[in-house]
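Peer 1: Here the protein sequences come in this chain order: A and B. Per my numbering, the first sequence starts with residue 90, numbered consecutively. Per my numbering, the second sequence starts with residue 23, numbered consecutively.
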Amino acid sequence: AQSVTQLGSHVSVSEGALVLLRCNYSSSVPPYLFWYVQYPNQGLQLLLKYTSAATLVKGINGFEAEFKKSETSFHLTKPSAHMSDAAEYFCAVTKGDSSYKLIFGSGTRLLVRP
Amino acid sequence: DAGITQSPRHKVTETGTPVTLRCHQTENHRYMYWYRQDPGHGLRLIHYSYGVKDTDKGEVSDGYSVSRSKTEDFLLTLESATSSQTSVYFCAISETGGTHTEAFFGQGTRLTVV
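1) The segment 29 to 58 of chain B: which residues have C-beta closer than 9 Å to a C-beta of chain A, in chain order?
2) Give, in chain order, every residue of the segment 92 to 118 of chain B whose Cβ lies closer than 7 Å to some Cβ of chain A.
3) Is it the case that the Cβ atoms of Val93/A and Ile192/A are separated by a distance below 8 Å?
4) Taking a cut of 8 Å between CB atoms, which residues from the segment 68 to 81 of chain B lie near chain A?
5) Is there a C-beta anywhere in chain B that falls below 8 Å from the one on Lys138/A?
6) Counting only runs that start and end within the segment 102 to 173 of chain A, where is the beta strand (DSSP E) found for 3 or more residues in a row?
7) Around the C-beta of Lys158/A, are 16 or more other C-beta atoms found within 10 angstroms, so that it is buried, or is it exposed?
8) Decide if Lys147/A is buried, meaning its Cβ has at least 16 other Cβ atoms within 10 Å, or exposed.
9) CA-CA distance, Pro30/B and Gly64/B?
10) Is the CB of Leu133/B under 8 Å away from at least one CB in chain A?
11) Is it right to say Ala176/A is buried, meaning 16 or more other beta carbons lie within 10 angstroms of its own, or is it exposed?
12) Out of Gly132/A, Ala181/A and Val102/A, state which residue places its alpha-carbon closest to the alpha-carbon of Arg202/A.
13) Note the first and the last residue of the continuous beta strand (DSSP E) segment covering His46/B.
14) Using only CA atoms, which one of Glu94/B, Val88/B and Ala114/B lies nearest to Pro40/B?
15) Quick one: which chain C residues come within Cβ less than 7 Å of Gln131/A?
16) If you run the structure through DSSP and keep just helix, strand and coil, what is Ser106/B?
17) What does Gly194/A touch in chain B if you count any residue whose Cβ is under 9 Å from its own?
18) Three-state secondary structure (DSSP) at Ser195/A?
19) Less than 8 Å between the beta carbons of Tyr53/B and Ser116/B, yes or no?
20) For Phe163/A, which residues in chain B fall below 7 Å Cβ to Cβ?
21) Chain B beta carbons: is any one of them nearer than 8 Å to that of Leu199/A?
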């Protein structure tokens, strides 16, 4: 069965520092992986998705993620954090059956210090 | 932004009462989903629909029912609300059921059961 694990419920970085949010997946079939962002009191917005076309995926707002099959990982990075990046980030995988069911990780809240 | 409207946005209700949440879309997307978001659990799928009158259960469907009589509307009913159903509920839509199709989320409904 597909699942995702996000390491660290909270990550704190200084403005300008590297952002690294970790996601490991478990999947019996080739996975389709996603990162979503949730700003306070908002719904979720897609940051990027992996669909097997390329292992390094670029998303919106300067974020990118690298799919590493050997490590079953799909970590999210951004070279330089901005205050506006403070939000909750969710890694997700599709269940792989005929319906589009997203299985979410528990989320990582990113705090950006001035 | 995708045309998804959830109503109400906030609701407080008493234990044992029925509650209906509404999701309305203007995108004519086939698939609609109800998720609940709880701290430490990410988002969990309650029910989903793959067409008018076609619905199926998600991972946390007990105590919930859904109906979809029109493409644009997907209703979630708590038959007899309990305190464990206090949560933030999100509706999502997707155009197709493909495993890498993007899902769009509504703004959420914060439900408190007292």
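Virtual Cβ for every residue (Gly too), placed ideally from N, Cα, C. Everything numeric in this text was worked out from a predicted model, so none of it was measured.
Peer 2: Concretely, from the data shown:
1) Contacts with chain A (Cβ-Cβ distance below 9 Å) from the segment 29 to 58 of chain B involve Tyr53, Tyr55 and Tyr57, listed in chain order.
2) Correct list: Phe112 and Ser116.
3) Here residue 93/A is taken as the residue at index 4 of the first sequence, counted from 1. Here residue 192/A is taken as the residue at index 103 of the first sequence, counted from 1. Result yes, Cβ atoms of Val93/A and Ile192/A sit closer than 8 Å.
4) Across the segment 68 to 81 of chain B, CB contacts with chain A closer than 8 Å involve Tyr70, Tyr72, Asp78 and Gly80, in sequence order along the chain.
5) Here the question's residue 138/A lines up with position 49 in the first sequence. Output row for Lys138/A: interface = yes.
6) Every beta strand (DSSP E) of 3 residues or more that sits fully in the segment 102 to 173 of chain A is shown, in chain order, as 108 to 115, 122 to 127, 133 to 139, 145 to 147, 153 to 157 and 162 to 167.
7) Here residue 158/A refers to the residue found at position 69 of the first sequence. Lys158/A comes out exposed.
8) For the purposes of this step, residue 147/A is taken as residue 58 along the first sequence, with counting starting at 1. With fewer than 16 other beta carbons inside 10 angstroms of its own, Lys147/A counts as exposed.
9) Taking the first residue of the second sequence as 1, we reach residue 30/B at position 8. Taking the first residue of the second sequence as 1, we reach residue 64/B at position 42. When rounded, the distance between both Cα atoms is 22 Å.
10) Taking the first residue of the second sequence as 1, we reach residue 133/B at position 111. Contact of Leu133/B with chain A is not assigned, every C-beta pair being separated by 8 Å or more.
11) Taking the first residue of the first sequence as 1, we reach residue 176/A at position 87. Within 10 angstroms of the beta-carbon of Ala176/A lie 16 or more other beta-carbons, which makes it buried.
12) Here residue 202/A is taken as the residue at index 113 of the first sequence, counted from 1. Put simply, of Gly132/A, Ala181/A and Val102/A the residue whose alpha carbon is nearest the alpha carbon of Arg202/A is Val102/A.
13) On the second sequence, position 24 is the one that residue 46/B refers to. First-last of the beta strand (DSSP E) with His46/B: Val41 to Gln47.
14) Counted from its first residue, the second sequence places residue 40/B at position 18. Scanning Glu94/B, Val88/B and Ala114/B for the CA closest to the CA of Pro40/B turns up Val88/B.
15) The chain inventory of the structure shown lacks chain C, comprising the protein chains A and B.
16) Counted from its first residue, the second sequence places residue 106/B at position 84. DSSP, read as helix, strand or coil, puts Ser106/B in helix.
17) Here the question's residue 194/A lines up with position 105 in the first sequence. Neighbours of Gly194/A in chain B, taken as residues whose beta carbon is under 9 Å from its own, are Gly64 in chain order.
18) On the first sequence, position 106 is the one that residue 195/A refers to. If DSSP states are grouped into helix, strand and coil, Ser195/A belongs with coil.
19) In the second sequence, counting from the first residue as 1, residue 53/B sits at position 31. In the second sequence, counting from the first residue as 1, residue 116/B sits at position 94. Yes; because the gap between Cβ atoms is below 8 Å, this pair is in contact.
20) Taking the first residue of the first sequence as 1, we reach residue 163/A at position 74. Those within 7 Å of Phe163/A in chain B number zero; the least Cβ separation is about 13 Å.
21) For the purposes of this step, residue 199/A is taken as residue 110 along the first sequence, with counting starting at 1. Chain B, which has no Cβ nearer than 8 Å to the Cβ of Leu199/A, makes this no.
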